[in-house]
Amino acid sequence: MIKKYQMAAAIVIMLTIALSGCSSKEDKKTITISAAASLNDVLSELADDYEESHPDQKVQLNFGGSGALSQQIIHGAPVDVFISAAEEPISMIQQKGLMKKKSILFNNQLVLIIPTNSTVGISDFKDLTAGEVKKIAVGTPKAVPAGTYAKETLTSLGIWDQLQSRLVYGKDVRQVLQYVETANVDAGIVYYTDALTTKKVKVVAKAKSDWHSPIVYYGGVLDASKEHGSSKEFLKYLKSKHAKSIYSKYGFSMN
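Numbering (my numbering), first residue to last: 6 to 260.
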């Protein structure tokens, strides 16, 4: 009889431990981050790094064009932190009364890329007007900050209108990159950090900073966040010196 009680007690203890383990996993605070597509690689590493030092928290990432993500949030998407590749998408959220404060996180550069094995003679932005250049990929200006910066650059050079019939629009900067990687276009305009992620493209020119608005990434915690404390902690981490070392590895600069 005693043995039976001992066995039953052991089973209860094992079940308690198992349930406790499940509970601890379920009790993790999940922070949902919506971020610009250009942050895919660097933010994935930052999230893993953050989780290591915060075992009670889980970072869930959602990437896309900043404009599209902004609209999703305005229409009720449950997001804790929004990181945009430009000020306008995050300012729209503030104007709707959904976020009180935004912070500058880091900077980027705009570059002109072509497929690595391309034989088309492109070494400068103005070369895009050459007859042999048939298709040029850029982000959709109204929804993708990289597209807005590309439009500003080409407008500054006086060639935007001339190139209209050759432009192929991407839903986000990573789609633009993919078009160039697969040689479906002759050239594309992306961020410097995107060009560093693949050997299938090469940078042939960098846009001068006075050709476009400053490329600044902004981040902020949504007022409706259910994990406000953890979200603020994650945003604070993104501004740390340790995070800066990870940004730098991917080509970003930090104020």
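Every residue gets a Cβ at the ideal spot worked out from N, C-alpha and C, and that includes glycine.
{"Asked": "Neighbourhood of L171 by C-beta distance below 8 Å, restricted to the same chain and skipping five residues each side", "Found": "Reading off the sequence, residue 171 comes out as Arg, not Leu. Excluding sequence neighbours, R171 sits near L133, V138, K139, K140, I141."}
{"Asked": "N67 - DSSP class collapsed to helix/strand/coil", "Found": "strand"}
{"Asked": "Rounded straight-line distance, which links the Cα of V47 to that of Y255", "Found": "6 Å"}
{"Asked": "The segment 70-79 contacting the segment 111-120, beta-carbon criterion three pairs below 8 Å", "Found": "no"}
{"Asked": "Residues of its chain near Y223, where Cβ-Cβ distance is below 8 Å and the 5 sequence neighbours each way are ignored", "Found": "I88, S89, A91, E92, I95, K107, S108, I109, L110"}
{"Asked": "E56 versus E238: straight-line alpha-carbon distance, rounded", "Found": "12 Å"}
{"Asked": "Alpha-carbon spacing of G126 relative to E50, whole angstroms", "Found": "36 Å"}
{"Asked": "Element boundaries [alpha helix (DSSP H), containing S235]", "Found": "233-243"}
{"Asked": "Within 7 Å, strictly: CB atoms of L168 and F130", "Found": "no"}
{"Asked": "Complete alpha helix (DSSP H) runs within the segment 116-196 (minimum length 4 residues, chain order)", "Found": "150-161, 178-186"}
{"Asked": "From E157, P60, G152, I164, residue whose alpha carbon lies closest to that of Q180", "Found": "G152"}
{"Asked": "DSSP state of I220 mapped onto helix, strand, coil", "Found": "coil"}
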